[in-house]
Amino acid sequence: MKGGGVAPLGMSGEIDGGEVRDWIALLKPRVMSLVVFTGACGLLVAPGTLHPVLAVTAILCIAIATGASGAINMWYDRDIDAVMRRTAGRPIPAGRIQPGAALSYGVFLAIASVVVMGLATNLVAATVLAMAIGFYVFIYTIWLKRRTPQNIVIGGAAGAFPPMIGWAAVTGQISVEAVLMFAIIFFWTPPHFWALSLFASGDYERAGVPMLPVVSGAKETRRQIWLYSLLLAPLGVVPTLIDMASWSYGVVATALGAWFLHAMWKVRTDAQDEAGRSLTNDAPARAGFKFSILYLFVLFATLAADILVRG
């Protein structure tokens, strides 16, 4: 098919598999998976009960809302996506989906997810879900991303909302425990994304996105990664200190925190030239980025398992 549009049906009247994959790609499924997982953990550890059907519905709403935010983000960032190597093949810059269709898709899913969440659980969960969407779209994507190297620090709050939403879906309120889970993801986000930005800085520079390595240099980025890691490691143990989780969780969280610090110290001390550029092709940053994903997954999985076992 020529032009930028996407035909709704194939020549045989059936939906084309490639088109389906493009619409799914708009939802950023890789990003969605970890977000949905932390949201499900928030729901599982919350005190109280929720009917299994409603629990699944709540998790599905978090997934759809996350995907909707991703679709709107791709619509707004289609110009910079087109000049970045790792995003040029996305459906909109590649011309496989029209921008207007992507925006409509994202807005519809965003509204639907909030409405269904409100009907299935409660107004608090729906409100926090709407706040998460709004924060990602308006605060991060439209306001911060192209204006400040602190885009990830402040904008990272959008990705920290899911466990709070899961908690609110069960309890109908926001408590200290929910805020703590939010804080862990909030302080995890800068070292996670700045590690990525170290080895993708060329892409960001071409696109004019003021990520920290582009604005302040690789050396300062490595320093900031280390500082946030120093804050994150002890924060992961706090659920034990406030009796949210047992000492078994505390032991695992301490080990994970030490491992995280070790990985990010390697990023901090990576061999560099006088300009702060890596002499190892940013191998420590690549490894640190991958480990940061494992860290968050194992930390939240352990927290959920610990609380469920304790009853």
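Everything in the sequence shown is counted per this note's numbering, starting at 1 for the first residue and increasing by one. Note that CB positions come from ideal geometry on N, CA and C, so glycine has one too.
Residue pairing by DSSP places serine 278 opposite Gln272 in a beta bridge. Comparing C-alpha distances from alanine 304 to each of Met244, Leu256 and Arg286 shows the shortest one belongs to Met244.
The C-alpha of arginine 310 is placed about 45 Å away from the C-alpha of tryptophan 75. In the DSSP annotation of this structure, lysine 145 is not part of any alpha helix (DSSP H), being labelled neither H nor E. The three-state secondary structure of histidine 51, taken from DSSP, is coil. In this structure, DSSP gives proline 239 a helical state, which the three-state scheme calls helix. Contact check between the stretch 97-107 and the stretch 170-179: fewer than three CB pairs, one atom from each, fall below 8 Å, which does not count as touching. DSSP places isoleucine 97 outside any alpha helix (DSSP H), giving it a letter other than H or E.
Take the alpha-carbon of valine 36 and the one of valine 215: they are about 32 Å apart. Straight-line spacing of the CA atoms in isoleucine 139 and isoleucine 152 works out to 11 Å. Look at glycine 67 here: in three-state DSSP terms it is helix. The beta carbon of arginine 286 sits closer than 7 Å to those of Phe199, all from its chain and outside the five residues before and after it, given in chain order. Scanning its chain for C-beta atoms nearer than 8 Å, with the 5 sequence neighbours on each side dropped, one finds around proline 149 the residues Pro210, Met211, Leu212, Val214, Val215 and Ser216, in chain order.
Straight-line spacing of the CA atoms in tyrosine 136 and tryptophan 143 works out to 10 Å. In this structure glycine 276 does not touch glycine 257 by the C-beta definition: roughly 26 Å separates them, more than the 8 Å allowed.
Counting along the chain, tyrosine 204 sits inside the alpha helix (DSSP H) bounded by residues 201-207. By the beta-carbon neighbour count (other beta carbons within 10 angstroms, threshold 16), leucine 27 is buried. A Cβ-Cβ contact shorter than 9 Å links alanine 63 with methionine 32. Distances from the alpha-carbon of aspartate 282 to those of Trp226, Glu177, Ile133 and Ser201 put Ser201 closest. For valine 137, no alpha helix (DSSP H) run applies, since DSSP gives it neither H nor E. Distance from tyrosine 228 to phenylalanine 260 at the Cβ level is roughly 10 Å; contact not present, criterion being Cβ atoms closer than 8 Å. The alpha carbon of proline 190 has as its nearest neighbour, out of Gly18, Arg223 and Val298, the alpha carbon of Arg223. In the three-state scheme derived from DSSP, where H, G and I count as helix and E and B as strand, aspartate 81 is classed as helix. Note that the C-beta distance between threonine 38 and leucine 196 is not below 9 Å.
The alpha carbon of valine 179 has as its nearest neighbour, out of Ile133, Val128, Asp203 and Glu205, the alpha carbon of Val128.
Within a 10 Å sphere around the beta-carbon of proline 47 sit fewer than 16 other beta-carbons, which makes this residue exposed.
Annotated as distal: phenylalanine 193 and glycine 166, with beta-carbon spacing of 9 Å or more. Distance from the Cα of glutamate 220 is smallest, within the candidate group Trp247, Gln272 and Leu123, for Gln272. Contact annotation: alanine 88 and aspartate 81 have beta-carbon atoms nearer than 9 Å. Secondary structure of serine 113 (DSSP, three-state): helix. Cβ-Cβ distances below 6 Å link threonine 66 to Met32 and Val35 in the same chain, with the five nearest sequence neighbours on each side left out; the list follows chain order. The criterion of a C-beta distance shorter than 9 Å is satisfied by cysteine 41 and proline 163.
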